[in-house]
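*Asks:* For the sequence shown, my numbering assigns the number 15 to the initial residue and increments by one for each residue that follows.
In this text, a Cβ means the ideal position worked out from N, Cα and C, and glycines have one as well.
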Amino acid sequence: MPLKTYDEQSLFFTPNFLEPASKPESFAYRGELIIKEGEVADDSGRRKPPVAVLRDAILLSDADKLSMMVGGIDDIADAPKLLERYGKDIGESAPVILLAPNLANDCQTEIEGVKCELLRWDAMVWSQVSEEMRLEKSDFKGQSSAEKVETLYSEAITYKPKNPFIPLDEVLASATSEKRELHGAI
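Pasting the structure below:
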């Protein structure tokens, strides 16, 4: 159960929920997933905030593997670090959809042996990916948080991306200087 293991290893940052899904031993998670931890801050071992995270992560796992990984990264250069760390836990046919603001073009690629759909990050991850899957609010009406993740998954596994395949080295070389604008208290 990868998600329970990540929880035990404190790899979730600002979690929204980690709930059992409909299948036995399966879990759904929304929140942030740490890609690179912050430095140790003091003698008690507490850490500074993470250096890199998978933002607005939407994860689904069964007993052994991640069934789906969706989320936003601040820089496309973090994608190899993400898959280097978690790629071994991703199921063979699991949809992996990553959004990045500095992506030159929407595309498909392979990172650490994992096929990925890469999209320019234009909106909230949940909204953008739901729209990409042609899901509407009514598709989620009356569902629990975990059921909503499962609904997204059921569309993602049948999704046929039309974007071209671009090798990872070309994706990284063509990255733009775009940054995601963060909004907060003024």
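Should Ala-218 and Glu-161 be called a contact, given that it needs their Cβ atoms to be closer than 9 Å?
*Replies:* Residue numbering for the chain in the displayed model covers 15 to 200; residue 218 lies beyond these limits and cannot be assessed.
*Asks:* Assuming contact is defined by CB atoms lying nearer than 9 Å, are Ile-87 and Ile-49 in contact in what I supplied?
*Replies:* To locate residue 87, count along the sequence shown from 1; it is residue 73. To locate residue 49, count along the sequence shown from 1; it is residue 35. Yes, Cβ-Cβ distance for Ile-87 and Ile-49 is below 9 Å.
*Asks:* Would you grab the beta carbon distance between Asp-103 and Gly-85 for me? Rounded to a whole angstrom, and I think it's under 8 Å.
*Replies:* Counted from its first residue, the sequence shown places residue 103 at position 89. Counted from its first residue, the sequence shown places residue 85 at position 71. Their Cβ separation, rounded to whole angstroms, is 14 Å, which puts Asp-103 and Gly-85 out of contact at 8 Å.
*Asks:* Cutting at 7 Å between CB atoms, please list the residues of its own chain near Asp-120, excluding the five before and the five after it.
*Replies:* Translated into positions along the sequence shown, residue 120 becomes position 106. Around Asp-120: Leu-132, Leu-133, Arg-134 and Asn-177.
*Asks:* I'd like the span of the beta strand (DSSP E) that includes Ser-75, first residue to last.
*Replies:* The residue given as residue 75 occupies position 61 in the sequence shown. It spans 66 to 75 - the beta strand (DSSP E) in which Ser-75 sits, taken as one unbroken run.
*Asks:* Along the chain, where does the beta strand (DSSP E) that runs through Pro-29 open and close?
*Replies:* Start at 1 with the first residue of the sequence shown, and residue 29 comes out as number 15. Note, Pro-29: beta strand (DSSP E), 26 to 34.
*Asks:* Tyr-100 and Leu-166: beta carbons closer than 9 Å?
*Replies:* Counting from one through the sequence shown, the residue named residue 100 turns up at place 86. Counting from one through the sequence shown, the residue named residue 166 turns up at place 152. Cβ distance not < 9 Å, so Tyr-100 and Leu-166 don't count as in contact.
*Asks:* Would you mind reading off the limits of the alpha helix (DSSP H) that contains Phe-154?
*Replies:* Within the sequence shown, numbered from 1, the residue matching residue 154 stands at position 140. Unbroken alpha helix (DSSP H) run through Phe-154: 151 to 154.
*Asks:* Tell me the DSSP secondary structure of Ser-81 in three-state form.
*Replies:* For the purposes of this step, residue 81 is taken as the residue at position 67 of the sequence shown. In this structure, Ser-81 counts as strand in the three-state DSSP scheme.
*Asks:* Measure the Cβ-Cβ separation of Cys-130 and Ala-93 and say whether it is below 9 Å.
*Replies:* Residue mapping note: residue 130 aligns to position 116 of the sequence shown, counting from 1. Residue mapping note: residue 93 aligns to position 79 of the sequence shown, counting from 1. It is a contact, given that the beta carbons lie within the stated cut-off.
*Asks:* In chain order, what residues of the same chain lie with their CB nearer than 7 Å to the CB of Pro-175, ignoring the 5 residues before and after it?
*Replies:* On the sequence shown, residue 175 is found 161 positions in, with the first residue counted as 1. Only Gln-122 and Glu-131 meet the Cβ criterion.
*Asks:* Please identify the residue among Leu-32, Ala-114, Ser-58 and Thr-28 whose C-alpha is closest to the C-alpha of Glu-192.
*Replies:* To locate residue 192, count along the sequence shown from 1; it is residue 178. Of the listed residues, the one whose Cα sits closest to Glu-192 is Ala-114.
*Asks:* In chain order, what residues of the same chain lie with their CB nearer than 7 Å to the CB of Ser-144, ignoring the 5 residues before and after it?
*Replies:* In the sequence shown, the residue the question calls residue 144 occupies position 130. Residues of the same chain with a CB within less than 7 Å of the CB of Ser-144, apart from the 5 flanking positions on each side, are Leu-166 in chain order.
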